[in-house]
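Top line first, the protein sequences correspond to chains Y and E. Anchor point for the first sequence: position 20 equals 20 in the numbering used here, and the numbering is continuous, going up by one each time. Anchor point for the second sequence: position 114 equals 114 in the numbering used here, and the numbering is continuous, going up by one each time.
There are 2 protein chains.
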Amino acid sequence: MIQDLKEEYGDIFEEELINEIVQVGTFKEVPEGYKFMEIGDYIRGMPLLISGVIKILREDEDGDELLLYYLEKGDTCSMTMACCMGDKKSEIRAIAETDAKLIMVPIQKMEEWTAKYKSWRNFVFNSYHVRLNELLSTLDNIAFQKMDERLIGYLKEKSRVTRDNIIHSTHQDIAYDLHSSRVVISRLLKKLEEMGKIKLHRNYLEILDL
Amino acid sequence: MIQDLKEEYGDIFEEELINEIVQVGTFKEVPEGYKFMEIGDYIRGMPLLISGVIKILREDEDGDELLLYYLEKGDTCSMTMACCMGDKKSEIRAIAETDAKLIMVPIQKMEEWTAKYKSWRNFVFNSYHVRLNELLSTLDNIAFQKMDERLIGYLKEKSRVTRDNIIHSTHQDIAYDLHSSRVVISRLLKKLEEMGKIKLHRNYLEILDL
DNA sequence: ATACCTCTGTAACCAATGTTACTGCGCAGG
DNA sequence: CCTGCGCAGTAACATTGGTTACAGAGGTAT
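Here's what the structure looks like:
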C-alpha cells in the first residue's frame with residue numbers, strides 16, 4: 001500500500017501527509033463492476049484512486065442513466081467532497097470500470113488536512129476544477145452534439161481510459177451510458193462500421209480508425 | 001462599499017479579511033446587460049457579488065448558447081477560480097441579468113487568503129460545491145427533461161432570481177438561453193397560456209400558476 | 001398618417017431520435 | 001445435440017424538436 005501510494009502521490013504530497021494517509025486510510029482492491037457508491041448512499045469516505053478506472057454516473061427518478069466522466073489514477077471524486085461537506089447523500093453512482101486499487105480516507109480528515117497541508121489544499125482545489133471542467137465538457141457534448149458525435153466521443157474516451165482499442169460492451173451498455181436506446185446505438189454503430197471506423201462483434205467492438 | 005460588503009459578507013468573513021478585501025478590491029456598479037466576461041477572455045479578477053443577478057452562459061464553436069446558472073448575492077464564480085488557477089482563458093460568458101453591485105478581487109490574493117483565512121477557504125470550497133451541484137442539475141435538465149419541462153423550469157428559476165413574476169424577455173431571448181429556436185418556444189408558451197399557467201404579452205409574459 | 005422594424009402566431013415540412021416488434025445468430029448449460 | 005437466453009439487425013412507425021416561410025400586430029421615428 002505504501003509503495004503504491006508513494007508512487008502515485010509521492011510527488012504531490014509531502015512525506016508527513018503520506019504517513020497520515022497510511023495511518024487512517026483503508027486500502028481497497030476491487031474487481032471490475034464493483035459498485036462503490038449508489039445514489040442516496042451516505043458518504044463514508046473519500047477515495048484516492050491508485051490504479052484502474054471508475055465511472056461516475058448520474059441517474060434521474062425514472063432510473064435513466066447518464067455517464068458523467070471517468071476517474072483515473074491520481075484522481076479523487078469531487079462530488080464526494082461536494083456532498084460530504086454539505087453532509088448530504090450522494091448525487092451519483094460510482095462503478096469500477098476496470099479492476100481498481102484505491103485508498104479510502106475518512107471524511108473528517110478532509111477539513112483538518114486542508115488547514116494543515118498546502119499540498120492537500122492544492123490537490124483538493126485541483127480536483128474541484130478538473131471536475132468542473134469535466135462536467136462542463138460533458139454538458140457541451142449533450143447540449144451541442146448529436147448522437148453520432150457523442151457516440152464517437154464516447155468510444156474514443158472509453159478506449160483512452162482503458163488503454164484498449166477493443167470496447168468490451170454490448171450495444172445496450174453503451175445505450176445506458178449515453179442515455180439512449182439500444183436500437184439507436186445499433187443503428188449508429190452499423191453506420192460507423194460501414195464507414196470503416198470500427199468493426200462489430202458479439203459483446204465487443206474494435207476501434208479501427210475514429 | 002464597506003457597508004455593502006459587511007452587510008453581505010460580514011457574517012462569514014472575519015474583520016481582518018474584510019479589511020483586506022476593501023484594500024485591494026475594486027467596487028463596481030454595473031447596469032443590466034453589462035458583459036463581465038466573454039469566452040476566451042483572460043481573467044483579471046474574481047467577482048464577489050453584493051447585489052443583483054448575473055447569468056452565466058456557455059457557448060460552442062458555432063455560437064450556440066446555453067444558460068448554465070445564475071449567480072446571486074453572496075455568490076462568486078467558481079468557474080473563474082477554476083480557470084485562473086490553471087491560468088487559462090474563460091470558458092464562459094457572464095452577463096448582468098439585473099443591475100448589479102460587486103467587488104472585483106485580484107486573483108493573486110486567492111492563493112494567499114486561502115492559506116491565511118479559514119473563512120475564505122470555506123467560502124471558496126463552498127462556492128465550488130454549490131457550483132458543482134448547480135451544474136449537475138443543469139445537466140439533469142438537459143439530459144432528462146423535454147423542452148416543455150425545461151421551459152417551465154426556466155421561467156420558475158428566472159422569476160425566482162429576479163423576484164418578479166413578470167418575465168421581461170422576448171421568445172427569442174428565451175430560445176437563446178435554452179438553446180432552442182424561437183418558433184419552438186412560441187409554440188410551447190402558447191400551450192402554457194392555453195393551460196392557464198401564463199399570460200403572454202409583447203416583450204414580456206406573466207406567470208400565473210406554474 | 002406613413003413607413004419601418006421587431007415581435008408573435010401559425011402552418012407545413014424535415015431530421016433526429018426513440019419505440020415496438022420481430023428475426024436470427026451464437027453460446028452456455030443440461 | 002438440443003434448448004433457451006442474451007445479443008444484434010432491421011423495418012415500420014411515433015414523437016420531439018428544428019426550419020422555413022409568411023402574415024399580422026404593436027410600437028416608433030419621420
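For every residue, glycine included, the Cβ atom is placed at its ideal position computed from N, Cα and C.
Give me the DSSP bridge partner(s) of residue i.
{"i": "tyrosine 128 of chain E", "result": "DSSP lists no partner for tyrosine 128 of chain E."}
{"i": "isoleucine 211 of chain E", "result": "Since the first residue of chain E shown is 1 and the last is 210, residue 211 of chain E is not available in this structure."}
{"i": "threonine 80 of chain E", "result": "According to DSSP, which records beta bridges pairwise, threonine 80 of chain E is partnered with nothing at all."}
{"i": "isoleucine 103 of chain Y", "result": "Y/Phe27, Y/Leu48"}
{"i": "isoleucine 166 of chain E", "result": "E/Glu206"}
{"i": "leucine 121 of chain E", "result": "Per the sequence shown, the amino acid found at residue 121 of chain E is arginine instead of leucine. Arginine 121 of chain E is not bridged to any residue."}
{"i": "alanine 96 of chain E", "result": "E/Ile54"}
{"i": "glutamate 59 of chain Y", "result": "Y/Glu65"}
State the start and end residues of the unbroken alpha helix (DSSP H) segment that holds residue i.
{"i": "threonine 162 of chain Y", "result": "147 to 162"}
{"i": "lysine 6 of chain E", "result": "2 to 9"}
{"i": "tyrosine 176 of chain Y", "result": "171 to 177"}
{"i": "glutamate 193 of chain Y", "result": "182 to 194"}
Would DSSP call residue i helix, strand or coil?
{"i": "lysine 89 of chain E", "result": "strand"}
{"i": "phenylalanine 36 of chain Y", "result": "strand"}
{"i": "leucine 210 of chain Y", "result": "coil"}
{"i": "isoleucine 12 of chain E", "result": "coil"}
{"i": "lysine 73 of chain Y", "result": "coil"}
{"i": "glutamate 112 of chain Y", "result": "helix"}
{"i": "glutamate 20 of chain Y", "result": "helix"}
{"i": "glutamate 134 of chain E", "result": "helix"}
At the level of alpha carbons, what is the spacing between residue i and residue j?
{"i": "leucine 188 of chain E", "j": "threonine 80 of chain Y", "result": "38 angstroms"}
{"i": "glutamate 91 of chain E", "j": "arginine 93 of chain Y", "result": "27 angstroms"}
{"i": "leucine 68 of chain E", "j": "glutamate 134 of chain E", "result": "8 angstroms"}
{"i": "methionine 147 of chain E", "j": "leucine 139 of chain E", "result": "13 angstroms"}
{"i": "glycine 153 of chain Y", "j": "threonine 76 of chain Y", "result": "23 angstroms"}
{"i": "methionine 110 of chain Y", "j": "asparagine 19 of chain Y", "result": "15 angstroms"}
{"i": "glutamate 72 of chain Y", "j": "glycine 25 of chain Y", "result": "19 angstroms"}
{"i": "proline 106 of chain Y", "j": "serine 127 of chain E", "result": "22 angstroms"}
{"i": "leucine 49 of chain Y", "j": "lysine 89 of chain Y", "result": "21 angstroms"}
{"i": "glutamine 3 of chain E", "j": "glutamate 157 of chain E", "result": "29 angstroms"}
{"i": "aspartate 173 of chain E", "j": "glutamate 38 of chain E", "result": "18 angstroms"}
{"i": "glutamate 65 of chain Y", "j": "isoleucine 95 of chain Y", "result": "13 angstroms"}
{"i": "phenylalanine 13 of chain Y", "j": "methionine 104 of chain Y", "result": "16 angstroms"}
{"i": "alanine 143 of chain Y", "j": "histidine 171 of chain E", "result": "20 angstroms"}
{"i": "serine 181 of chain E", "j": "methionine 195 of chain E", "result": "22 angstroms"}
{"i": "valine 130 of chain E", "j": "glutamate 193 of chain Y", "result": "43 angstroms"}
{"i": "proline 47 of chain Y", "j": "leucine 102 of chain Y", "result": "6 angstroms"}
{"i": "threonine 162 of chain E", "j": "lysine 191 of chain E", "result": "24 angstroms"}
{"i": "serine 186 of chain Y", "j": "serine 51 of chain Y", "result": "32 angstroms"}
{"i": "glutamine 145 of chain Y", "j": "glutamate 61 of chain E", "result": "11 angstroms"}
{"i": "tyrosine 176 of chain Y", "j": "valine 183 of chain E", "result": "32 angstroms"}
{"i": "isoleucine 21 of chain Y", "j": "histidine 168 of chain Y", "result": "35 angstroms"}
{"i": "asparagine 165 of chain Y", "j": "lysine 6 of chain Y", "result": "30 angstroms"}
Residue i: buried (16+ other C-beta within 10 angstroms of its C-beta) or exposed?
{"i": "glutamate 8 of chain Y", "result": "buried"}
{"i": "glycine 10 of chain Y", "result": "exposed"}
{"i": "serine 78 of chain E", "result": "buried"}
{"i": "glutamate 97 of chain E", "result": "buried"}
{"i": "tyrosine 42 of chain E", "result": "exposed"}
{"i": "glycine 63 of chain Y", "result": "exposed"}
{"i": "isoleucine 54 of chain E", "result": "buried"}
{"i": "arginine 44 of chain E", "result": "exposed"}
{"i": "glycine 33 of chain Y", "result": "exposed"}
{"i": "glycine 40 of chain E", "result": "exposed"}
{"i": "glutamate 149 of chain E", "result": "exposed"}
{"i": "glutamate 112 of chain E", "result": "exposed"}
What residue range is occupied by the uninterrupted beta strand (DSSP E) comprising residue i?
{"i": "lysine 197 of chain E", "result": "Taken as a continuous stretch (DSSP letters only), lysine 197 of chain E belongs to no beta strand (DSSP E), as it is neither H nor E."}
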